[in-house]
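When you read off a place in the sequence shown, starting at 1, and then add 39, the result is the number in this note's numbering.
I have placed the structure first, in the form of structure tokens, so that the comments after it can refer back to it.
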Amino acid sequence: MNFIYFPSLVISALLTGLSAGLFYSYSCSVNLGLDKLPDAEYLRAMQQINKAILNPAFFASFMGSVLVLILASWLSYSLQHAFQVKMLLTATGIYIVGVLGITIFGNVPLNDALANFDISTATSGEIARHRILFEQPWNNRHTVRTFCAFAAFVFTLISFYKAN
């Protein structure tokens, strides 16, 4: 069991770091660029992005983080590494609630509503209203999950302190 402990820490850090980096870079670039688009173009772009993100590379880091954090937490507990257990359980809790939970219960319902919105048949008023209903709530939730992904990454890195 000890032979997979350190790799589980490394993979946990890698996957949570990839998720944090994705959300952070999205906030620093994609959201800023999309904000400049007219309403219909913004909604079309978000519809396409929401389809494109559902790919194996995204799911490997997004869901893989949860699985490997749980594994690393359990291994730390089994090997009686109390400090690492605390740090990894904190990282796991933050990630599950703040990243996975917000995505599933916050961003995904907004994405689904946007996917079902037919821009081609909507009036300009309906398009503007839909953007208002989508953009700010989506960005607010995204900001929270970005912060949580970063926090989970930091706690995962801290778990390396005194790791055997």
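Cβ coordinates follow ideal geometry from the N, Cα and C atoms, glycine included.
Just so you know, these numbers come straight off a predicted model, no measurement behind them.
- Given Leu149 as reference, the closest of His181, Val136 and Ala121 once Cα atoms are compared: Position 110 of the sequence shown, counted from the first residue, corresponds to residue 149. Comparing Cα positions, the closest option is His181.
- Message: With three or more beta-carbon pairs closer than 8 Å as the criterion, would you say the region 153–168 touches the region 99–115?
- Response: no
- Query: By how many angstroms is the C-alpha of Phe97 removed from the C-alpha of Leu106?
  - Reply: In the sequence shown, counting from the first residue as 1, residue 106 sits at position 67. In the sequence shown, counting from the first residue as 1, residue 97 sits at position 58. Straight-line Cα distance between these residues: approximately 14 Å.
- In or out: Ala152 buried (at least 16 other Cβ within 10 Å) or exposed? What you label residue 152 is simply residue 113 of the sequence shown in a count that begins at 1. With fewer than 16 Cβ atoms within 10 Å of its Cβ, Ala152 is classed as exposed.
- Query: So what does DSSP say about Pro77, is it helix, strand or coil?
  - Reply: In the sequence shown, residue 77 corresponds to position 38, counting from 1. Reduced to three states, the DSSP call for Pro77 is coil.
- Task: Might you give, ordered along the chain, the residues of its own chain that have their beta carbon closer than 6 Å to the beta carbon of Thr195, omitting 5 neighbours on each side?
- Result: On the sequence shown, residue 195 is found 156 positions in, with the first residue counted as 1. Ser51, Ala52, Thr55 and Ala130, listed in sequence order.
- Query: How close, in whole Å, do the beta carbons of Gly145 and Cys187 come, if the pair is a contact with beta carbons under 8 Å?
  - Reply: The sequence position of residue 145 within the sequence shown is 106, counting from 1. The sequence position of residue 187 within the sequence shown is 148, counting from 1. Rounded, the Cβ-Cβ distance is 12 Å, inconsistent with contact.
- Going by C-alpha distance, which of Phe199, Tyr134, Thr162 and Asn178 is nearest Phe189? Residue numbering aside, residue 189 sits at position 150 when the sequence shown is read from its first letter. Ranking Phe199, Tyr134, Thr162 and Asn178 by Cα distance to Phe189 puts Tyr134 first.
- Query: Short check: CB of Leu82 to CB of Ile166, under 8 Å?
  - Reply: As a first step, residue 82 must be located in the sequence shown, where it is residue number 43. As a first step, residue 166 must be located in the sequence shown, where it is residue number 127. Taking 8 Å as the Cβ cut-off, Leu82 and Ile166 qualify as a contacting pair.
- Task: Note down, in chain order, each residue of its chain lying with its Cβ closer than 8 Å to the Cβ of Ala99, except the 5 sequence neighbours on either side.
- Result: Counting from one through the sequence shown, the residue named residue 99 turns up at place 60. Closer than 8 Å at the Cβ level, and outside the excluded window around Ala99, lie Leu54.
- If you draw a straight line from the alpha carbon of Gln119 to that of Lys125, how long is it in whole angstroms? Translated into the one-based positions of the sequence shown, residue 119 becomes position 80. Translated into the one-based positions of the sequence shown, residue 125 becomes position 86. If I take the Cα positions, the gap works out to 11 Å.
- Message: When you compare the CB of Ala59 with every CB in chain B, is at least one pair closer than 8 Å?
- Response: Of the protein chains in the structure, only one exists, and it is not chain B.
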